[in-house]
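Below is one structure, written out as structure tokens; comments come after it.
Protein chains in written order, with my numbering: chain A, 12 to 448; chain B, 2 to 99.
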């Protein structure tokens, strides 16, 4: 009892100091320490080179691809293999004390076995401080497809540690512009998210713009000027089959999909002024969703397909608006500067990302939809076309690097940046594909 | 002036903040409480999750942080140690996520 009283007293005496510390509870005489902030750096993780039995295909090793994936997310800091004290490939060879000494939090070990024309990976992930296995799996893929197997391992590791599905197996679509032959060459390409395994899906002398993934990852919608004016196409990636779905007089631009894949949002100016329409892909019927003398464009559904984000210059300059349902009075979202455009919400409804002009520079910013707080995420200055990864943790955008347009991946909170390997000419309009199960 | 006990609480808090990596699934609503037992040398004698955040990755990140310290800063004065640091509770609750 005496102890309790002294606790209450000390609590009063030190009320001013309580900001810095701790409240001793008076109910039980036990100390409580509150931790409200975490480390400000990426998680140290070791991806040990996998042991190999049988002939492995030439090219990048599975473990180096996993390491690069985790580093690219900005959330992990992989230990270079030359700093490892041992290279275990199974649990019995993992000495937790050694890894703790190196400051490591997680260790991934595994082995690869060649099995005919397939490669099998058996791998395990350990929590160094808890000395526990938190993931163990065997997965296989054709030997020609070791990158897919590696991205799969990265996805699993990412989810086991963070509780969020990984997005390393997803795809990117983007448009390159090559002027080397004297004549412009626009190429619509699809690649892994590290820029590897790029494949040209369409080539044209005329501009290709605004690729957008269908929710099942099987189709792309985009704008092509191949007929001399903008028209919206849907392109089936497996068959290569293309369908022109919108070819109205005037603008046909900025297509995005509804999450059921049954309709497209698009900007049309067929009635004289740029407005947002929804096209039912079965009937091809279009419904007008906005009606204003200003330009309304660049629409995207929110995470529930209830309302839409779009750009409008109804207040004088381009700003982001949100219409809670078709026909509702739009609410202005951005106020921080005179130019905010091309909104892209994440899939959880937490943030909307967009191009933001400040002091003459075009940057990528996001607004927290719960408290309207705006954060500028980039430090480059000609940034455009933000596209969020389907797990909401990474963001890709186009920017200028020594006069050329390139793609850069950052973590969605503006952390670590990773530039995709430069390809020939300019790269624009990145679109991050969905997680396909 | 900080008391001896408050000084060591601040030290522990600082060390744990540096050792804690909240997972990307963490939200500001999540709280995990761990009861820890120390030896007078500062070594960790035991840790128990007494209130889960409801998110395994979050709970594990808290456990990992607590277990990552090889030695806790504790007062050499025995009474203070026994009163406050033999057994206490640590609450992990992010206020400002990256």
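We put the CB at the ideal spot given by N, CA and C, even for glycine.
What residue range does the beta strand (DSSP E) around residue i cover?
i             : result
residue 274/A : 274 to 279
residue 160/A : Here residue 160/A belongs to no beta strand (DSSP E); instead the alpha helix (DSSP H) covers 157 to 173.
residue 15/B  : Segment 5 to 20 is the alpha helix (DSSP H) holding residue 15/B; no beta strand (DSSP E) there.
residue 151/A : 143 to 153
residue 407/A : 405 to 412
residue 376/A : 372 to 379
residue 293/A : From DSSP, residue 293/A is part of no beta strand (DSSP E); its letter is neither H nor E.
residue 48/A  : Looking at the DSSP string, residue 48/A is not in any beta strand (DSSP E), and its letter there is neither H nor E.
residue 188/A : 182 to 189
residue 92/B  : 88 to 93
residue 385/A : 385 to 387
residue 87/A  : 87 to 89
residue 415/A : 415 to 422
residue 439/A : 437 to 443
Could you say which of the options lies nearest to residue i if we only look at CA atoms?
i             : options                       : result
residue 39/B  : 57/B, 87/B and 56/B           : 87/B
residue 109/A : 140/A, 85/A, 83/A and 128/A   : 140/A
residue 325/A : 423/A, 228/A, 351/A and 239/A : 351/A
residue 43/B  : 78/B, 29/B and 18/B           : 78/B
residue 359/A : 385/A, 53/A, 366/A and 380/A  : 380/A
residue 58/B  : 100/A, 170/A, 296/A and 48/A  : 170/A
residue 402/A : 422/A, 229/A, 262/A and 416/A : 422/A
residue 375/A : 413/A, 426/A, 277/A and 335/A : 426/A
residue 195/A : 211/A, 176/A and 217/A        : 217/A
residue 67/B  : 34/B, 96/B, 27/B and 85/B     : 34/B
residue 56/B  : 172/A, 322/A and 393/A        : 172/A
residue 51/A  : 65/A, 64/A, 86/A and 75/A     : 86/A
residue 84/A  : 267/A, 138/A, 56/A and 440/A  : 56/A
residue 60/B  : 153/A, 229/A and 138/A        : 138/A
residue 245/A : 58/A, 98/A and 228/A          : 228/A
residue 240/A : 157/A, 313/A, 279/A and 418/A : 279/A
residue 165/A : 179/A, 154/A, 175/A and 128/A : 179/A
residue 437/A : 259/A, 185/A, 269/A and 264/A : 185/A
residue 28/B  : 361/A, 415/A and 443/A        : 361/A
residue 206/A : 231/A, 250/A, 158/A and 357/A : 158/A
residue 409/A : 331/A, 373/A, 147/A and 386/A : 373/A
residue 62/B  : 61/A, 75/A and 145/A          : 145/A
residue 152/A : 174/A, 135/A, 129/A and 163/A : 129/A
residue 393/A : 383/A, 411/A and 439/A        : 411/A
residue 344/A : 384/A, 67/A and 127/A         : 384/A
residue 286/A : 256/A, 386/A, 116/A and 337/A : 337/A
residue 125/A : 78/A, 115/A and 69/A          : 69/A
Using 10 angstroms around the beta-carbon of residue i, count the other beta-carbons present and answer buried if the total reaches 16, otherwise exposed.
i             : result
residue 23/A  : Bear in mind that the predicted position of residue 23/A carries a pLDDT of just 45, short of 50, making it unreliable; the figure below should be weighed with that in mind. By the 10 Å Cβ count, residue 23/A comes out exposed.
residue 302/A : exposed
residue 20/B  : buried
residue 329/A : buried
residue 112/A : exposed
residue 191/A : exposed
residue 315/A : exposed
residue 198/A : buried
residue 93/B  : buried
residue 52/B  : exposed
residue 183/A : buried
residue 36/A  : Interpretation of residue 36/A is limited by its pLDDT of 40, a score under 50 that renders its predicted location unreliable; the figure taken from the coordinates is listed afterwards. Exposed: under 16 other Cβ atoms inside 10 Å.
residue 106/A : exposed
residue 230/A : buried
residue 382/A : exposed
residue 447/A : exposed
residue 441/A : buried
residue 304/A : exposed
residue 431/A : buried
The alpha helix (DSSP H) with residue i in it runs from where to where?
i             : result
residue 297/A : Element bounds for residue 297/A: not the alpha helix (DSSP H) but the beta strand (DSSP E), 297 to 299.
residue 58/A  : Where residue 58/A is concerned, there is no enclosing alpha helix (DSSP H), although the beta strand (DSSP E) it sits in stretches over 54 to 58.
residue 77/A  : 73 to 83
Can you find a CB in chain C that lies within less than 9 angstroms of the CB of residue i?
i            : result
residue 46/B : Included in the structure are the protein chains A and B, with no chain C among them.
Counting only runs of 4+ residues fully inside the segment 96 to 129 of chain A, write out the alpha helix (DSSP H) ranges in chain order.
For the segment 96 to 129 of chain A, the full-length alpha helix (DSSP H) segments reaching 4 residues or more read 107 to 112 along the chain.
If contact means a Cβ-Cβ distance below 7 angstroms, which residues of the segment 170 to 189 of chain A contact chain B?
Answer set for the segment 170 to 189 of chain A: 172, 173, 174 and 175.
Please list the segments of the beta strand (DSSP E) lying wholly inside the segment 313 to 369 of chain A, counting only runs of 3 or more residues, in order along the chain.
You should have 319 to 323, 330 to 334, 351 to 356 and 362 to 369.
Please list the residues of the segment 124 to 138 of chain A that have a C-beta atom closer than 9 angstroms to any C-beta atom in chain B, keeping them in chain order.
138
Could you please tell me which residues of the segment 50 to 64 of chain B, in chain order, have their CB closer than 9 angstroms to any CB of chain A?
Correct list: 56, 57, 58, 59, 61, 62, 63 and 64.
Ignoring anything shorter than 4 residues, give me the alpha helix (DSSP H) runs that lie fully in the segment 22 to 79 of chain B, in order along the chain.
57 to 69
Against chain A, which members of the segment 82 to 97 of chain B pass a CB distance test of less than 9 angstroms?
For the segment 82 to 97 of chain B, which is checked against every Cβ of chain A, the residues closer than 9 angstroms are 84, 85, 86, 88, 89, 90, 91, 92, 93, 94, 95, 96 and 97.
Residues from the segment 140 to 167 of chain A in contact with chain B, defined by Cβ distance under 7 angstroms
140 and 141
What residues from the segment 15 to 27 of chain B come within 9 angstroms of chain A, judged by C-beta to C-beta, listed N to C?
17, 18, 19, 20, 21, 22, 23, 24, 25, 26 and 27
Using a Cβ-Cβ cut-off of less than 8 angstroms, give me the residues of the segment 85 to 117 of chain A that come near chain B, in sequence order.
86, 111 and 116
Could you list the residues in the segment 347 to 364 of chain A with a C-beta less than 7 angstroms from some C-beta on chain B, going in chain order?
From the segment 347 to 364 of chain A, no residue has a Cβ closer than 7 angstroms to chain B.
Output the residue ranges of the beta strand (DSSP E) runs that lie fully inside the segment 196 to 266 of chain A and measure 3 residues or longer, sorted by chain position.
196 to 203, 210 to 215, 219 to 224, 230 to 235, 242 to 247 and 253 to 257
Residues within the segment 373 to 398 of chain A neighbouring chain B, beta-carbon criterion of under 8 angstroms:
none
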